[in-house]
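Residue numbers (our numbering): 68 to 233.
Structure first, then comments.
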């Protein structure tokens, strides 16, 4: 069980204050929505994932991830895919966040699929470990993409003279 990855989304939780331009307002609105619909769910995801990691059996871990984590993950996925910014200033930032979240979700899906196969006795524990390593690679990639998105956000904050309130 200890080899199952702990899922987390890296983001900087900040509040942006716009300075009157439509572009600045669009950036603030987008970021506020991202915080509310993605970042704010991280603590809940971590709590549920920890519950899964401390389960007595793989079957219990799989059930927790499928029944409790998957709906949250799907809500995040739906939010990100339904969000199509109209403002050019937000498009690059959104695309970076979308790629980050998609990669993170791929890691989760690999993990969930591996647990499902193990509980169905389609794979052995050694194969589970290989699949989990692949999931961890995806999660690591999502952290790198998060850093790129954060850099883009910093650029937007600077370009549009936004105030950051942490």
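Backbone N, C-alpha and C define an ideal beta-carbon position, used for all residues, glycine too.
Contacting residues, own chain, Cβ-Cβ under 6 Å from residue i (five flanking each side not counted)
i	result
residue 215	163
residue 146	104
residue 201	177
Three-state secondary structure assigned by DSSP to residue i
i	result
residue 230	strand
residue 210	helix
residue 187	coil
Alpha helix (DSSP H) segment containing residue i, residue limits
i	result
residue 89	89-104
residue 122	Careful: residue 122 lies outside any alpha helix (DSSP H) and carries neither H nor E.
Own chain, CB closer than 8 Å to residue i, minus 5 neighbours either side, in chain order
i	result
residue 89	154
residue 205	170, 171, 173, 174 and 177
residue 148	165
residue 192	185
Residues near residue i by beta carbon distance below 7 Å, same chain, minus five either side
i	result
residue 131	115, 118, 119 and 122
residue 209	167, 170, 171 and 174
residue 129	182, 183 and 186
Handout entry: Contained alpha helix (DSSP H) runs [length at least 4] in the stretch 115-173, N- to C-terminal order
Key = At a cut-off of 4 residues, the continuous stretches assigned as alpha helix (DSSP H) that sit fully inside the stretch 115-173 are 125-131 and 137-149.
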